[in-house]
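Under my numbering, think of the first position of the sequence shown as 17, with each following residue one higher. Just so it is clear, CB atoms sit at the ideal spot from N, CA and C, and this is done for glycine as well.
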Amino acid sequence: MTHTAKNTSRMTRVFRRMGVTALAVTLLAGAATPGVATAEVSKDRPELQQAVQAWVDAGFAGMQMRVHDQRGDWVGSAGVRKLGAAAKPPTNGRFWIGSTTKTFTATLVLQLVAEGKVGLDAPVAGYLPELGVDSRITVRMLLQHTSGLFNYTGDVYDGKYEPGIAAVGKDWVDNRFHYYRPVELVRLALAKPLTFQPGTDQNYSNTNFTLALLLVEKVTGHSYDEEMKRRILWPLGLWATKVPGTSPQLPGPHAHGYFRYQDAGEWKVVDVTHQNLSLLAGAGDMISTTEDLRTFFSALLGGKLLPAPLLAEMRKPVGKFSLGLGLWVQDLGPGCGTIVHHNGSPPGGYGAFMMSTPDGSKMLTASVTMGDAAIDPATAYRKALDGLLKTVFCGGQGYRVPRAGGDRDRRGGQVRTSGTAPLVRPPSLPTT
């Protein structure tokens with residue numbers, strides 16, 4: 017018996033006691049191969065270190081980044097892990113990943129599609145009749161944001177902003193430890209009119225993915241957390257990735273995140289490292305690391321988590337936002353090519369990056385933490401991201417960050433974080 021076979025056999029015995037499938041054991045064994053999670057990491061890439069430092073120079077507190085390309089693997093950080101301290105952000109630090117959670121949730125749903133337990137073009141109402149979801153809304157529409165469902169963190173009707181739950185500004189700061197039940201969030205959204213007729217337009221809405229969470233739980237009979245562990249986290253050995261549930265804690269090594277908000281006409285920052293992200297259940301509440309995100313994205317794009325036809329569906333862009341199923345698809349232009357990604361930013365403190373060429377040959381995962389109260393994070397983000405994308409995906413040239421429309425909400429010019437996902441654009445844009 018080979019060394020690998022012995023290890024797999026040993027893991028099989030252990031994980032059978034934990035209820036993990038044979039497929040999970042095989043994937044876990046594969047996750048330990050070079051080039052996935054345990055590749056030798058180099059720090060001798062001055063152009064990458066400079067691109068990270070640019071975020072700090074732009075006014076962010078700190079950044080950690082991991083890059084995989086034809087030259088191998090690189091990891092580095094810049095700035096500080098806590099304002100007023102000297103230590104740099106840990107390169108293995110955990111962080112709130114915001115809307116990057118949506119790619120995990122979409123993968124769960126598509127695994128159920130692959131197993132014949134869910135129909136991609138079946139009405140959601142058929143699985144969750146008790147909620148009264150419009151019968152025209154399909155599972156596919158949830159994953160590509162074409163359902164027309166009101167975004168429970170706030171949405172826009174005919175140019176007029178309609179608030180949802182507290183997710184921006186001082187309102188969120190004062191309520192950041194409040195616990196929301198997923199069904200509560202969905203019912204709030206369902207009580208509002210559709211923003212458009214299902215399937216006729218596209219609008220980024222967290223409601224879609226919290227509803228997808230409820231779908232996973234209803235079809236499997238298990239909690240979303242259990243299914244996430246059984247199907248993705250344990251098979252890939254993503255031990256640092258968590259579904260926090262009701263916990264506001266950010267465990268293990270981490271950089272502190274800070275939230276900039278306006279109070280009585282004055283800009284302030286507050287440490288929001290600990291926050292209850294139940295307001296984004298299934299849509300933006302997970303915790304991870306750059307290494308775990310890289311392992312997950314490598315496995316997904318490499319065909320280890322979904323059959324080829326569903327992976328192709330996931331990466332097929334539709335609509336005005338070029339969205340696939342839980343993934344953005346973006347052409348960066350001549351000399352840069354196409355990337356697939358889902359970045360994220362929870363209501364405050366952190367920005368997460370998960371970007372790759374479609375074949376996984378170039379991949380970037382990172383976390384940035386907010387900092388200076390005097391710096392508008394949207395403006396700073398745009399400036400630093402331009403250089404980062406040029407360095408990693410464009411060979412140091414040719415890409416210009418597009419201007420994003422509708423990035424500010426209608427209330428006093430504050431950055432709105434409730435209705436738009438961060439493409440390759442400021443994480444201002446979401447909650448998440």
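message: In the DSSP output, which residue or residues are listed as bridge partners for Ser383?
response: Gln80 and Ala368
- prompt: Would DSSP call Ile303 helix, strand or coil?
  reply: strand
Span separating the alpha-carbon of Thr216 from that of Tyr143: 22 Å
Pairwise C-alpha distance: Tyr220 and Gly335: 11 Å
field: Nearest residue (CA-CA) to Pro62, options Gly78, Met79, Ala77 and Gly92
entry: Gly92
task: Determine the contact status of Met386 and Thr116, defining contact as a CB-CB distance below 8 Å.
output: no
- request: Give me the Cα-Cα distance between Thr156 and Met330, rounded to the nearest whole angstrom.
  value: Note on identity: in this sequence residue 156 is Arg, with Thr being the wrong assignment. Arg156 and Met330: Cα-Cα distance of roughly 10 Å.
message: Considering just the uninterrupted stretch of the beta strand (DSSP E) at Gln278, what are its terminal residues?
response: Tyr274 to Asp279
query: With DSSP run on the structure shown, which of helix, strand or coil describes Asp347?
result: strand
task: State buried or exposed for Tyr274, treating a residue as buried only when at least 16 other CB atoms are found within 10 Å of its CB.
output: buried
Per-residue DSSP class, three states only, for Pro269: coil
- request: Check each candidate in Ile181, Val235, Ile113 and Arg152 and name the one with the smallest Cα separation from Leu128.
  value: Val235
task: Using three-state DSSP, classify Glu200 as helix, strand or coil.
output: helix
- request: Within its chain, find whatever has a CB closer than 6 Å to the CB of Thr289; leave out the 5 residues flanking it on each side and keep chain order.
  value: Leu266, His272 and Gly273
message: Taking its Cβ as the centre, do 16 or more other Cβ atoms sit within 10 Å of Lys133, making it buried, or is it exposed?
response: exposed
task: Would you mind reading off the limits of the beta strand (DSSP E) that contains Thr223?
output: First-last for Thr223: Asn222 to Thr236, but that is the alpha helix (DSSP H), not the beta strand (DSSP E).
message: Measuring only the C-alpha atoms, how far is His84 from Met379?
response: 5 Å
field: Enclosing beta strand (DSSP E) for Asp89 [first to last residue]
entry: Gly88 to Gly95
- prompt: Tell me which same chain residues have a C-beta within less than 6 Å of the C-beta of Trp188, skipping the five on either side of it?
  reply: Ala182 and Pro363
- prompt: When the Cα atoms are used, what is the spatial distance from Gly253 to Lys245?
  reply: 10 Å
field: C-alpha distance - Gln86 paired with Gly376, whole-angstrom precision
entry: 10 Å
task: Counting only the same chain and skipping the five closest in sequence on each side, list residues whose C-beta sits under 6 Å from that of Thr107.
output: Gln80, Val91 and Ser93
- request: Ignore the nearest five residues each way along the sequence and tell me which others in Val68's own chain have a CB closer than 7 Å to its CB.
  value: Met79, Met81, Gly92, Ser93 and Ala94
query: Would you call the CB atoms of Thr226 and Leu201 closer than 8 Å?
result: yes
message: For Gly349, tell me which candidate among Gly342, Ser361, Ala328 and Thr373 has the shortest Cα-Cα distance.
response: Thr373
query: Can the beta-carbon of Met302 be found less than 8 Å from the beta-carbon of Thr257?
result: yes
query: Unbroken alpha helix (DSSP H) runs of length 4 or more, entirely within the segment 152 to 195: which are they?
result: 155 to 159 and 185 to 190
task: Determine the direct distance from the alpha carbon of Leu229 to that of Ala382, and round the result to whole angstroms.
output: 25 Å
task: Determine the contact status of Pro139 and Thr154, defining contact as a CB-CB distance below 8 Å.
output: yes
message: I'd like to check one pair, Leu147 with Asn224: are the Cβ atoms closer than 8 Å?
response: no
message: Less than 8 Å between C-beta atoms, sequence neighbours within five positions excluded: which residues of the same chain meet that for Ala390?
response: Gly75 and Trp283
query: Between Ala280 and Asp190, what straight-line distance do the alpha-carbon atoms span, to the nearest angstrom?
result: 14 Å
message: For Arg152, which residues in the same chain have their Cβ closer than 8 Å to its Cβ, ignoring the five residues on either side in sequence?
response: Pro139, Gln213, Pro214 and Gly215
- prompt: Quick one: is Arg110 buried, meaning 16 or more other Cβ sit within 10 Å of its Cβ, or exposed?
  reply: buried
- prompt: Would you say Gly342 and Thr119 are within 8 Å of each other, going by their C-beta atoms?
  reply: yes
- request: With DSSP as the reference, please indicate the residues paired to Thr354 in a beta bridge.
  value: Asp347
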